[in-house]
Amino acid sequence: MNRIHVNSTINGDVTEFLCDPGASLLDVLRDTLHLTGSKEGCGSGDCGACTVELDGEMVCSCLVLAAEAEGRTVATIEGVAEGSVLHPVQQKFLEHAALQCGFCTPGFIVAAKSLLDRNPNPTETEVRYWLAGNLCRCTGYDKIVRAVMDAAAELRQERTAA
Amino acid sequence: MPSPAFHAPDTVEGVVALLSGDPTARPLGGGTDLIVQMRSGRIAPGAVVDLKRIAALSGVRREGDVFVIGAATRCTALKDNADLCAAWPGVVEAANLIGSVQVRNRATMAGNLCNASPAADSVPALVAAGATCVVAGPAGTREVAVQDIPVSPGKTSLASGEFVVEFRLPARGARAGDAYLRSIPRTEMDIAVVGVGANLDLDAEGTCTAARIALGAVAPTVVLVEAAGAALVGTKLDDGALSAMVEAVTAACAPIDDKRGTVAYRKAMAGVLAKRTVQIAAERAGAKA
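Read top to bottom, the protein sequences are chains R and C.
Residue 0 is where the first sequence starts when you use numbering that gives the first Met the number 0, and the numbers rise one by one after that.
Residue 0 is where the second sequence starts when you use numbering that gives the first Met the number 0, and the numbers rise one by one after that.
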């Protein structure tokens, strides 16, 4: 099987890779590019642990063929922090203990950031619906929702101050 | 999974040539059903043909009063078109009940239709709307009513080499409204136990002049219940007309018993949801006056 040559921008870096035509974007991120923050929970789009942004929209990277990423922009959990400075969503997950095993956390953080980039003042209901595609088997979701609401409040304050 | 060939042609003719050359080849819209089925081993296409590099296949455009929705348009993009949301809120809402935000950012109504699940959420809304789809194939293009595409669970009437290029939502009167409701045991991320799409036209006095009711998840395919629509035409949607409509809906249900719901529950819920859906469509039609 001929491998496909793909050019993408991943976390701001122009990136080239070779992939099997049937490989998922998640396969390439983890196994070829060694960006192992995105996780494979279900491989069928049900759990959201592999959530990344593709051209600015969050998707399950397990349900994207890597070859489809040609010319596209991909943003993964590895690009959320700025150097050693955590994004407010990450900081609030720590402060609220919004994780236990941590497997779902990268997907939740990418999804939550995607929401707050669009809607800086979501209601709790909006947060819960937006995150319905991310499964957590540890926390019962309450701490996650509180962390996201608190991160939203902090981001609004930062924007007001700026 | 075994690796298929991957193609991303930039013309409709290019897609038809690739699909015609390999009967196992599959068009790729959002991949939220196709890639899952490939990974589970349920299907093993020799080639996957991505539709998203054909500019005309992504997005919503107007041709006069007709809305044309490209086959590769993701469900969430429908919400960005204010005119479409105003004219066909039921269709837009139905497409945006599928899966999660992650899934809807990829999934397409054409994929929802051609996956041929009886529980597909966008299909009853499209059927109620009287939508057609343009199908391209080796013999050229043809326009087909949406309800004529699925023939049984997982099977469509598309011939070898054919694929859905776009949907066309017809022009409508000044006082018209549509709606879609589904019943699921939870509030998100589930498959319809029953789904109902309704589309109504009213005249200046509020009398119903046309009505289409379509049901999902209560038969091997989505069904258009003509008798249910007929029960509403000529009425002001009074209790008697609604009861006759519910009776026609219940009679048209031929559901299965499964873990999501029993036959009796599905039939009863179809009637309940049909009444609610018609009332929402009627409010929307009235609100436009």
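Just so it is clear, CB atoms sit at the ideal spot from N, CA and C, and this is done for glycine as well.
Query: Supposed contact pair S83/R and L24/R - C-beta distance, whole angstroms, cut 8 Å; Result: Contact doesn't hold; Cβ gap of about 27 Å is too wide.
Query: Top-ranked residue by Cα proximity to E157/R, from L34/R, V88/R and C49/R; Result: V88/R
Query: Enclosing beta strand (DSSP E) for N198/C [first to last residue]; Result: V193 to L201
Query: CB contact check: F162/C to chain R, cutoff 7 Å; Result: no
Query: Sequence-distant residues of its chain with Cβ nearer than 7 Å to T138/R (five each side left out); Result: A97, L98 and Q99
Query: M148/R at chain C interface by Cβ criterion, 7 Å; Result: no
Query: Length-filtered (4 minimum) alpha helix (DSSP H) runs lying within the region 27-56 of chain C; Result: 33-39
Query: Nonlocal neighbours in the same chain, by C-beta distance under 6 Å from L241/C, ignoring five residues either side; Result: K274
Query: Which residues DSSP lists as bridging S23/R, in chain order; Result: L64/R
Query: Residues near K266/C in its chain [Cβ-Cβ closer than 8 Å; skip 5 each side]; Result: V217, T249, C252 and P254
Query: Beta-carbon proximity of D200/C to G228/C, cut-off 7 Å; Result: no
Query: For E142/C, the first and last residue of its enclosing beta strand (DSSP E); Result: G139 to A144
Query: CB contact flag (V11/C, A135/C, <7 Å); Result: yes
Query: Short-range partners of chain C found in the region 102-135 of chain R, where Cβ spacing is below 7 Å; Result: Y128, W129, A131 and G132
Query: Three-pair Cβ contact test at 8 Å for the region 48-56 of chain R versus the region 120-131 of chain R; Result: no
Query: Partner residues on chain C for E67/R, Cβ-Cβ distance less than 9 Å; Result: F5, A7, L27, G30, D49 and K51
Query: Residues of its chain near L114/R, where Cβ-Cβ distance is below 8 Å and the 5 sequence neighbours each way are ignored; Result: P121, E125, V126, W129, L130 and V147
Query: Meets three-Cβ-pair contact criterion under 8 Å: the region 1-9 of chain R and the region 67-78 of chain R; Result: yes
Query: Among L17/C, I97/C and G139/C, the one whose alpha carbon lies nearest that of V122/C; Result: I97/C
Query: For N6/R: DSSP bridge partner residues; Result: E15/R
Query: Within chain C, partners of G40/R - CB distance below 8 Å; Result: In chain order: nothing, as chain C lies at least about 12 Å away.
Query: Exposure label - T140/C; buried when at least 16 CB within 10 Å; Result: exposed
Query: Three CB pairs or more closer than 8 Å across the region 83-95 of chain C and the region 178-185 of chain C; Result: yes
Query: Straight-line gap, G239/C to T155/C (C-alpha atoms, nearest Å); Result: 37 Å
Query: Residues of its chain near F166/C, where Cβ-Cβ distance is below 6 Å and the 5 sequence neighbours each way are ignored; Result: I68, A130 and C132
Query: Interface flag, E187/C vs chain R, CB-CB below 7 Å; Result: yes
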